[in-house]
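Per the working numbering, numbering of the sequence shown is gapless, rising by one per residue and ending at 408.
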Amino acid sequence: MRRRSPRRHTPPSRPGPAAATTRARCPTCKVGSVAGRLAEIADSFFTPAVNDLVPYEPGKPVEEVQRELGLDRVVKLASNEGPFGPFPEAREAIERCAPELNRYPDGGAYRLRTALAERFDLRFEEVAPGAGSDGLVDCLSQAMLEAGDEIVCGWPSFPSYAIDARKLGAVPRTVELRDGRYDLDAMLDAVGPRTKIVYICLPNNPTGTTNTRAELDAYFERVPEHVLTVLDQAYFEYIDDPDYPDGVEDLNAGRRVVVLRTFSKIYGLAGLRIGYALAPAAVVTAIGKVRRAFDITTPAQEAALASLDSPDELERRRRTNDEGRPELEAILREHALDPVGPALANFLFAEVGDDSRPFFETLLREGVIVRPTHGFGAPDAVRVTVGTPDDHRFLAEALDRVSTFSK
Numbered sequence: 002m003r004r005r006s007p008r009r010h011t012p013p014s015r016p017g018p019a020a021a022t023t024r025a026r027c028p029t030c031k032v033g034s035v036a037g038r039l040a041e042i043a044d045s046f047f048t049p050a051v052n053d054l055v056p057y058e059p060g061k062p063v064e065e066v067q068r069e070l071g072l073d074r075v076v077k078l079a080s081n082e083g084p085f086g087p088f089p090e091a092r093e094a095i096e097r098c099a100p101e102l103n104r105y106p107d108g109g110a111y112r113l114r115t116a117l118a119e120r121f122d123l124r125f126e127e128v129a130p131g132a133g134s135d136g137l138v139d140c141l142s143q144a145m146l147e148a149g150d151e152i153v154c155g156w157p158s159f160p161s162y163a164i165d166a167r168k169l170g171a172v173p174r175t176v177e178l179r180d181g182r183y184d185l186d187a188m189l190d191a192v193g194p195r196t197k198i199v200y201i202c203l204p205n206n207p208t209g210t211t212n213t214r215a216e217l218d219a220y221f222e223r224v225p226e227h228v229l230t231v232l233d234q235a236y237f238e239y240i241d242d243p244d245y246p247d248g249v250e251d252l253n254a255g256r257r258v259v260v261l262r263t264f265s266k267i268y269g270l271a272g273l274r275i276g277y278a279l280a281p282a283a284v285v286t287a288i289g290k291v292r293r294a295f296d297i298t299t300p301a302q303e304a305a306l307a308s309l310d311s312p313d314e315l316e317r318r319r320r321t322n323d324e325g326r327p328e329l330e331a332i333l334r335e336h337a338l339d340p341v342g343p344a345l346a347n348f349l350f351a352e353v354g355d356d357s358r359p360f361f362e363t364l365l366r367e368g369v370i371v372r373p374t375h376g377f378g379a380p381d382a383v384r385v386t387v388g389t390p391d392d393h394r395f396l397a398e399a400l401d402r403v404s405t406f407s408k
């Protein structure tokens, strides 16, 4: 039976409540004072695109929830971070570089780029480092988009694609998912003469679903030459499915494609902000022109390098996730939540009602942080990250205590 796609929520183009609040007259500023005048005319300082922007809202930190609610234990299953810290080799590398942190980092990340080029059998000029794959989305937007240009992406999906386009006055064309997955045919139909970028999130965040190699090949047969396709594969290392596309194959085939990957997830380096793009040399050069100098710290570079030399730990974490995901899915189903699937990464997505905030806030009071997906375009759902077995037990107990909640 065909699964219902998550209820679509169009990305907001006008200011939400938070933005409106910032425009109100400053309550502590005297009328006619410098501060008061600035508060009244602040909008004129900024571009219309920025004034209309609804920013990305990150997940709540554990410490903030403990402080606000007075809880001794809080389990965070919200931000798709791995449940483990950096690889042991990465921790050692961070410690070794600590005495040199009075020096600026290698702005070109030479050693890391060289190692990544060797790993993927690419040229050095085809590797671009960045402050997480999210930072590279921002760089691509700056390098390619002007006011009136367009991007195309699925929806609900990772919000930075649309946000970074809007910062520049570009227009996001969002295409509703089909059966919880990117509808590549409909996305091609949405491409117009001003479309510069098509983003394909594999697997999609927040649904965890993906497209097949055959579907991606069919897409590349039709995509116009004026469009650059960006394959966001932040969760690539978690997936063992033989039908899951490897974007490097598309790059080697000469397709107009950028492959985004990160050290934030399975490598446990989310706090260091480091990722990379594999792309044609011309794209890498353009990214380098707009990327901020020294945005990839020395500890980030050293930890990433050390992580590449730890294949056994990588495989252990992949297997642990493969064991944990069905365990988490079973817990959700036992409590009347039906995750979208098949999910292949380290998170699950489930509808909880017309508005997921009450569910989120109820679990929060029990010490569990999940992610309401309003900002991703799915206000009726939450995303839950795979944790440790102990994390899952804590979640199950919390759901037992709030079992009166129903969709």
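Where a beta carbon is used, it is the ideal one built from N, C-alpha and C, also for glycine.
Residue range 128-131 is occupied by the beta strand (DSSP E) that includes Gly131.
Around the C-beta of Glu398, fewer than 16 other C-beta atoms lie within 10 Å, and the residue is accordingly described as exposed.
Judged by DSSP in its simplified three-state form, Phe85 adopts coil rather than helix or strand. The C-beta distance from Leu169 to Ala50 rounds to 7 Å, short enough to fall under 8 Å. Take the alpha-carbon of Leu315 and the one of Phe264: they are about 11 Å apart. Residue nearest to Ala304 within the set Leu54, Pro56, Glu93, Arg68 is Glu93 (criterion: CA-CA distance). If you compare the alpha carbons of Ala132, Asp135, Asp165 with that of Leu146, the shortest gap goes to Asp165. Between Val385 and Leu333, the C-beta gap is smaller than 8 Å, which places the two residues in contact. Pro194 and Glu127 have their alpha carbons spaced roughly 27 Å apart. According to the DSSP assignment, Thr175 belongs to the beta strand (DSSP E) that extends over 172-177. Ranked by how close their Cα comes to the Cα of Arg292, the residues Asp150, Cys140, Glu324, Val153 have Cys140 in first place.
Taking each of Tyr239, Phe121, Leu232, Gly276 in turn and checking the Cα distance to Asn212, the smallest one comes out for Leu232. Bounds of the beta strand (DSSP E) holding Asp233 are 229-233. Around His336, the same chain offers Leu400 as residues with beta carbons nearer than 6 Å, after the five sequence neighbours per side are excluded. About 6 Å separates the beta carbons of Ala118 and Arg124, which is inside the 8 Å limit, making them a contact pair. If you draw a straight line from the Cα of Glu250 to the Cα of Asp241, it is about 16 Å long.
The continuous beta strand (DSSP E) containing Phe348 extends over residues 348-352.
Going by beta carbons, Ser80 and Phe377 fall outside the 8 Å limit. Per DSSP, reduced to three states, the secondary structure at Glu367 is coil, with no helix or strand assignment.
Judged by DSSP in its simplified three-state form, Thr48 adopts coil rather than helix or strand.
Between Val387 and Gly342, the C-beta spacing is not below 8 Å.
Ala163 and Arg174 have their alpha carbons spaced roughly 8 Å apart.
As a beta-bridge residue in DSSP terms, Val153 pairs with Arg174, Val199. By the 16-neighbour rule on beta-carbons within 10 angstroms, Leu178 is buried. Where Thr298 is concerned, there is no enclosing alpha helix (DSSP H), because DSSP gives it neither an H nor an E.
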